[in-house]
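Heads up: the sequence shown begins at -5 in the working numbering, then just goes up one per residue.
Contents: one structure, followed by commentary.
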Amino acid sequence: MKILFIGDIVGQPGVDLVVAQVQALRDRYGADAVVANGENMNLSGPHPPTGFGMLPAQIEALLGAGVDVITSGNHAWDGPECAEALMHPRVLRPLNAPDRWYGRGVISIPVAGQTVTVVNVADESAIPEVSPAYAAFAALDLPAGPVIVDYHGDLVGRKFGFAFAVDGKASAVLGTHTHEPTVQAHRLPQGTGFVAEVGMTGPLGGVLGSEPGYFAALARGHDQADLPSAGLADGPVVLGAVLLDLDDAGSAREIRRIGVEHDYAMTI
Ligand SMILES: [Fe+2]
Ligand SMILES: [Fe+2]
């Protein structure tokens, strides 16, 4: 079984890229299922930005184009329509967020005669209120079949630690949240595929998909409270994605990065 995982989709340009490309990617790579992190879809700009989060219309657009499950992270609860977004049965938010927060953190769906389970977790670098991610994962009563984990957090070492802790229990642990992709794709000893950061799907000309001025001002010592929020960046839209090839036992035969061709050069 092949599963395509798409990293944090940023803004409508990121949504548009996925909607335009996902069926072609499914066909080209033989993907049986597609999981995409959508926590930043509602970022617009330049000013005033509308915030982060997910809009129900964007969710429907992705699902209609060929995405099967949408994961999220710390921005899941942002935006004017977050409650409706998180009530969608194909939308996840981190499992280990407080129970009283909207949404669900795990879903099992039928794919190619098997049951694929997707689990979304975060650590406190992304959401200070979460309970420990490993304990939340270990407490799940998982059905037989592939298990894909979206791990939302800042720290590469912590993502590695979680991946080794669930090695052999999860088919893959795929890092999200920092938006800047890490290069290596790993196959851990017991068969879990791991990438520390899949990377965003959004505009490349700023900071993590946002306008750079806000971040430059912070670096220069400006007080965060005095700065307008950053809107959406300009620039070419990139796809951050990995492709998993799983054997019948749900172990990763292969995990590798994929992209779409871009007609641009980043020059200084
Ligand atoms: Fe994000
Ligand atoms: Fe995030």
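All C-beta atoms, glycine included, are put in the ideal place defined by N, C-alpha and C.
Only a predicted model underlies this, so the values are computations on that prediction, with no experimental measurement involved.
Whole-Å CB distance - residue i paired with residue j, under 8 Å assumed
i      : j      : result
Gly67  : Ala120 : 6 Å
Gly139 : Thr109 : 4 Å
Ile3   : Ala30  : 6 Å
Leu86  : Ile64  : 7 Å
Val231 : Arg250 : The pair is not a contact, with the Cβ atoms about 21 Å apart (cut-off 8 Å).
Met12  : Thr195 : It should be pointed out that residue 12 corresponds to Val in this sequence rather than to Met. About 6 Å; that satisfies the 8 Å criterion.
Asp117 : Gly151 : The Cβ separation is near 11 Å, so there is no contact.
Ala130 : Val143 : 11 Å between Cβ atoms; not a contact.
Best match in the options for proximity to residue i [C-alpha to C-alpha]
i      : options                        : result
Gly203 : Leu212, Glu191, Glu33, Asp228  : Asp228
Gly58  : Trp95, Gln17, Ala77, Met81     : Gln17
Val9   : Ala51, Asp21, Ala77            : Ala51
Gly199 : Ala190, Phe209, Glu191         : Phe209
Ala166 : Ala91, Phe156, Ala79, Glu174   : Phe156
Asp239 : Gly32, Arg181, Gly5            : Arg181
Val113 : Tyr128, Ala106, Ala211, Gln218 : Tyr128
Ile91  : Pro197, Val100, Pro83          : The displayed chain sequence assigns Ala, not Ile, to residue 91. Ranking Pro197, Val100, Pro83 by Cα distance to Ala91 puts Val100 first.
Arg20  : Gly5, Ile0, Gly32, Pro7        : Ile0
Ala190 : Tyr145, Ala159, Arg214, Lys163 : Tyr145
Gly244 : Ser223, Leu168, Thr111         : Thr111
Exposure of residue i, with buried meaning 16 or more beta-carbon neighbours within 10 Å
i      : result
Met35  : buried
Tyr258 : Reliability fails at Tyr258, whose pLDDT of 47 lies under 50, so the model's placement of it is uncertain and no value is given.
Arg22  : exposed
Ala246 : buried
Ala14  : exposed
Leu49  : buried
Val177 : exposed
Ile262 : Annotation note: pLDDT 40 at Ile262 (below 50); position unreliable, no value reported.
Residue i CB to nearest heavy atom of ligand 4 below 7 Å
i     : result
Asn36 : For ligand 4, the structure offers nothing, since it holds only ligand 1 and ligand 2.
Point to revise | Entirely enclosed beta strand (DSSP E) segments - the stretch 167 to 205, minimum 3 residues | key: DSSP runs (the beta strand (DSSP E)) wholly in the stretch 167 to 205: 187 to 189.
Practice item. At 4 residues or longer, and completely inside the stretch 46 to 134: list those alpha helix (DSSP H) runs for me, N to C. Key: Correct list: 50 to 59, 76 to 81, 127 to 132.
Check your understanding: In chain order, what are the residues with a CB under 5 Å from some non-hydrogen atom of ligand 2?
Key -> Selection output, chain order preserved: Gly67, Asn68, His171.
Check your understanding: Where in the stretch 137 to 169 do unbroken runs of the alpha helix (DSSP H), each at least 4 residues long, occur, reported from the N-terminal end onward?
Key -> Every unbroken stretch of the alpha helix (DSSP H) spanning 4 or more residues and falling wholly within the stretch 137 to 169 is given here in chain order: 150 to 159.
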